[in-house]
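Written out below as structure tokens is the structure these notes cover.
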Amino acid sequence: MDKVKKSFWRDNWLVIVTGLLIGAAAVVLSALGNPKNMGFCIACFERDIAGALQFHTADKLRYFRPEIVGIVLGAMGMALIKKEWRAQGGSSPVTRFLLGMLVMIGALVFLGCPLRMVIRIGGGDLNAVIGLAGFIVGILIGVIPMKLGFSLNRAYKQNALEGLFFPALLTVLFVLSLTTALLKASTAGPGSLHPAWWISLVIALAVGALCQRSRLCMAGGIRDVVLFKDFHLILGFAAILVAVFVGNMITTLVSGNSLVSFFAGFGFEKQPIAHSDFLYNFLGMVVVGWGSVLLGGCPLRQLVLAGEGNSDSAITVFGFIAGAAVSHNFGLASSGDGIGSGPVLWVLLAGFAILLVISIFHTKRRA
Amino acid sequence: MIYVATFYTHAAALLTYRALTKNGFSAVLQPVPRSLSSSCGTCVRFEAPDPCYALLDRDVEQVAESAESGYRVIRTYD
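Order-wise, the sequence lines are chains S and H. Sequential numbering from 84 applies to the first sequence in my numbering. Sequential numbering from 2 applies to the second sequence in my numbering.
Structure follows, in structure tokens:
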């Protein structure tokens, strides 16, 4: 029994510690300025970056989020130290760009990436439980083509510049956002809510480095349980939830309120930057789950892989940013008031059709 | 001997798994061990008297054998 316990910790401590740190970081970042239940959200932060670059027209969603830069550079630094940095790519880049766009559109219908989904659950937002159900269903659908031989084809070793371009571009834009007025920042709304840039950057550097070591992935956790009955990655998922839940209880107590008020806040209505339309919360996350499995990782994992030199993941992140712009420019993104004013249902249905086509046409039998 | 073969795609791992089991070898699909790669892909762990190179899919990345201290890479592919 002791041997089993020892083996469990030896095999899983890093992913658990990473999950606990991400959960704690999310609570701390919210306490220091990020929107509530949005201490860390890859989709929301990339949407804010799209806003800072004026790719979309939502004035309240503009800020070049240091967290995104930090995760990529943290992962890159750790990969370089461990000699795991490698420029590679060429695995169906256009398909990955399109999948990135779809995943972002689905995430902004729900209002959050899988990471924020867990953070929202830990903050008592039960709409995110509906989102989790959709995410699981999406992964279960995505696993079917995986079992039948789905592949976006292999990546190949590339010139180092291919792997360096994305982190370099992010860094240059980030410096420009700090030193010039070229990039825009909101003065009101969610885009205006953030801690000092260096706090976000330092925390995200640590998160990126740990995610590189642990390979933590929100979609991969559930996928591995279904495909292999392997519970390693999902432990990180659970650790984030525990850390956010405990962290929120601590901040409630520190701010002088009772735990009763914390638990009284659990529910569907009036949750921070969330809506309570069950159908769209569910459908949005089905798209995210299905798309993430086909991509081989959730939005957080794509950032980490891009930091490791994977240009396919960098292209996927460009797809996320383009998807954010499309979502806000065409009324597809939800808000606290409800779903967007655009043709959300039609776009989600088109998204399912595209995911189905990609799933079928990339699944082939080979001798 | 226990071997682990990692691949550039999940599909390549699946095809290799099918080829190995069809030829009577004991094999399982599992996540790639962290000590072998930072990739979160799929590998095949199999028991055979030799590494069965002829049965590995063309998208194989590396083959390692199980050692007391973990895994020892015995062949890598570009």
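C-beta: ideal position from N, C-alpha, C; glycine also.
Which class does residue i belong to by DSSP, given the choice of helix, strand or coil?
i, result
"residue 270 of chain S", "coil"
"residue 81 of chain H", "Examination of residue 81 of chain H is not possible in this model, given that chain H is present from 2 through 79 alone."
"residue 357 of chain S", "coil"
"residue 67 of chain H", "strand"
"residue 233 of chain S", "strand"
"residue 298 of chain S", "coil"
"residue 26 of chain H", "coil"
"residue 49 of chain H", "coil"
If you count every other CB in all the chains shown that lies within 10 Å of the CB of residue i, and 16 or more means buried, which is it?
i, result
"residue 54 of chain H", "exposed"
"residue 443 of chain S", "exposed"
"residue 450 of chain S", "Reliability fails at residue 450 of chain S, whose pLDDT of 46 lies under 50, so the model's placement of it is uncertain and no value is given."
"residue 239 of chain S", "exposed"
"residue 147 of chain S", "buried"
"residue 281 of chain S", "exposed"
"residue 70 of chain H", "exposed"
"residue 2 of chain H", "exposed"
"residue 258 of chain S", "exposed"
"residue 59 of chain H", "exposed"
"residue 162 of chain S", "buried"
"residue 296 of chain S", "buried"
"residue 105 of chain S", "buried"
Suppose the cutoff is 8 Å on Cβ atoms and the five residues either side in sequence are ignored; what does the same chain contact list for residue i look like?
i, result
"residue 359 of chain S", "210, 351 and 352"
"residue 41 of chain H", "32 and 33"
"residue 180 of chain S", "398, 399, 401, 402 and 405"
"residue 286 of chain S", "108, 111, 112, 150 and 153"
Could you work out which residues of chain H lie near residue i, taking near to mean beta carbons separated by less than 8 Å?
i, result
"residue 307 of chain S", "32"
"residue 233 of chain S", "11 and 12"
"residue 236 of chain S", "10"
Could you pull out every residue in the same chain whose Cβ sits closer than 6 Å to the Cβ of residue i, ignoring the five residues on either side in sequence?
i, result
"residue 157 of chain S", "288, 291 and 292"
"residue 373 of chain S", "221, 224, 225 and 438"
Got a sec? Which residues, its chain only, sit under 7 Å from residue i by beta carbon, not counting five neighbours each side?
i, result
"residue 195 of chain S", "124, 126, 127 and 203"
"residue 114 of chain S", "334"
Which residues of chain H have a Cβ atom closer than 9 Å to the Cβ of residue i, listed in chain order?
i, result
"residue 300 of chain S", "41"
"residue 380 of chain S", "41"
By the criterion of Cβ-Cβ separation under 7 Å, what are the contact partners of residue i in chain S?
i, result
"residue 35 of chain H", "298"
"residue 79 of chain H", "240"
Under 8 Å between beta-carbons, which chain S residues line up against residue i? List them in chain order, please.
i, result
"residue 60 of chain H", "237"
Could you list which residues in chain H have their beta carbon closer than 7 Å to that of residue i, in chain order?
i, result
"residue 295 of chain S", "39"
Alpha helix (DSSP H) runs contained entirely in the segment 350-428 of chain S, provided each spans 4 or more residues = You should have 361-378, 382-390 and 394-412.
Just list the alpha helix (DSSP H) runs in the segment 100-155 of chain S, keeping only unbroken ones of 4 residues or longer that don't cross its boundaries, in chain order.
-> Fully enclosed alpha helix (DSSP H) runs of 4 or longer: 125-135.
Residues, ordered as in the chain, of the segment 12-32 of chain H that lie near chain A by beta-carbon distance below 9 Å | Of the chains in the structure shown, none is chain A; the protein chains are S and H.
Which ranges does the alpha helix (DSSP H) cover as unbroken runs of at least 4 residues, wholly within the segment 238-272 of chain S, from first to last along the chain?
-> With a minimum length of 4 residues, the continuous alpha helix (DSSP H) runs that stay inside the segment 238-272 of chain S are 243-262.
Please specify which runs of the alpha helix (DSSP H), each continuous and at least 4 residues long, are wholly inside the segment 147-214 of chain S, giving them in chain order.
-> Whole alpha helix (DSSP H) segments, 4+ residues: 149-164, 176-193 and 197-205.
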